Amino acid sequence: MQVALELGGHWPDKTISMDNLFPEMLETVKLADKVGFDAFVMGEHHFMDYNATPDPLALASYISAITTRQRMILAVMLLPLHDVQRLAGELTMLDQLTRGRIDIGFGRGGGPYELRRFNMPSDYESAREIFEERLKAMRILFEQQDISLDWPHTKFKDVTIVPSVYQKPYPPIWMAAQRVEAAFHIAKQGYHVMMSQLRNPISYVHEMMEAFRGGVAEAEKHQGDQKIAIIQWMYIAKDEADRKEKIELAYQKHRKFMGLYQDSSIIKGGHVPGVDIPGTPEEYAENTLIGSLEQVTEKVLELKEIGFDYLMLQAHCGPDHQSIMDSLASFGENIVPLIHTPEEAAIAAACK
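Take 1 as the starting number for the sequence shown in full-length UniProt numbering and just add one per residue.
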């Protein structure tokens, strides 16, 4: 199982200047490179301190130049916000510059907040319709020349993306799924699947894996062997008091997420406040990777046994920068060697 670090751009401490966001993020990148991580995940988010990464392509371009081998997983790009012909060209250029080190995750957005501020339709059905149309257009742009489309939300004439993509037929494409039926249908379409456990029990994780494998069995193999990733909040605590403190911080971050997801937060100055949610911090912690080294190791090995190809870690779930660095160093030293295959371990060791 490979391991990726998500670069979320979460900035909860208003007493510290946000000018430190990217310098601190880049320190975690260099550490993850050193201790054997396999990829970095960076999504597109606008107008908020919950995730302040409005240009993941710029971030990926910079990171690819200061790291050795890791893949840059651009997940997710908010496809309804983009002119697909421009985005296809930008992604192609990044694929060429990195010599084929990028994956792409496409999504329609986790809530209406960002879509509204781009004057885009924010209701579920409209966003889904635009997303599906532009995803289809993106694949055509990667593979064909002299393309003209006159669709409801996508219109252009005689377009050829130059240069063409480095990875043929196009970079690996991921899509997110939170429902069992979505995992099946995304896999059936031939895409890689990203999922998160959230508050769900481990039985839900098994159901999602089963659905993914069912979809793969019926899939059109347009991008080779399909992969499935699980996204998990992770922090290795120094002691029980530290664990409880970090669980509370993660709980506060989830309150912000639910405010965005439910469209119930009143956001001013880009600050996302939390909303009331059911459950306690300890109840949420049961399904995260926040705990002692032994607790985190046990849960990670269980995910490996279930069969995930990627474990994507959200380390920026509330702790201060030094605590995040200490936690990542411990994960790299103690857990990464347990989950890498011999081939993955050899590649990581050769690049250190």
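Ideal Cβ positions, reconstructed from N, Cα and C, are used throughout, including at glycine.
Because the structure is a prediction, the values reported are computed rather than measured.
Looking at the backbone, the Cα of residue 145 and that of residue 176 are separated by about 29 Å.
The stretch 91-173 contains, as complete beta strand (DSSP E) runs of 3+ residues, the segments 102-107, 147-150 and 155-159 (chain order). Beta-bridge analysis with DSSP links residue 268 to 271.
Around the beta carbon of residue 80, a 10 Å sphere encloses 16 or more other beta carbons of the protein chains shown; the residue is thus reported as buried. Going by beta carbons, residue 109 and residue 115 fall inside the 8 Å limit. Here residue 266 is exposed, its C-beta having fewer than 16 other C-beta atoms within 10 Å.
By the Cβ-count criterion, residue 62 is exposed, with fewer than 16 other Cβ atoms from all chains shown falling within 10 Å of its own Cβ. In this structure, DSSP gives residue 321 a helical state, which the three-state scheme calls helix.
In this structure, residue 246 lies near residue 319, with their beta-carbon atoms less than 8 Å apart. For residue 2, there is no enclosing alpha helix (DSSP H); the enclosing beta strand (DSSP E) has its first and last residue at 2-6.
Apart from sequence neighbours up to five positions away, the residues of its chain that approach residue 270 with a beta-carbon distance below 7 Å are 47, 48 and 49, ordered along the chain. Leaving aside the five residues that flank residue 325 on each side, the residues in its chain whose CB is nearer than 8 Å to its CB run, in chain order, 27, 28 and 31. Judged by DSSP secondary structure, residue 214 falls within the alpha helix (DSSP H) whose first and last residues are 202-217.
A Cβ-Cβ contact shorter than 8 Å links residue 7 with residue 41. Note on residue 279: under 16 other CB atoms within 10 angstroms of its CB, so exposed under the neighbour-count rule. Here DSSP, grouped into helix, strand and coil, assigns residue 340 to coil. The beta-carbon separation of residue 4 and residue 38, rounded to 6 Å, stays under the 8 Å limit for a contact. For the pair residue 166 and residue 219, the Cα-to-Cα distance works out to about 24 Å. Per DSSP, residue 232 is one residue of the beta strand (DSSP E) stretching across 228-236.
According to the DSSP assignment, residue 193 belongs to the beta strand (DSSP E) that extends over 192-196.
For the pair residue 141 and residue 159, the CB atoms are nearer than the 8 Å cut-off. In the DSSP assignment, residue 295 falls outside any beta strand (DSSP E) and within the unbroken alpha helix (DSSP H) covering 293-306. The count of Cβ pairs closer than 8 Å, one atom from the stretch 298-307 and one from the stretch 84-100, stays below three, leaving the stretches out of contact.
Contact fails between the stretch 91-104 and the stretch 11-23, because fewer than three Cβ pairs, one in each stretch, are under 8 Å apart.
Excluding its 5 nearest sequence neighbours in each direction, residue 293 has C-beta neighbours in its own chain below 7 Å: 236, 330 and 334, listed in chain order. In the three-state reduction of the DSSP assignment, residue 70 falls in the coil class, being assigned neither a helical nor a strand state.
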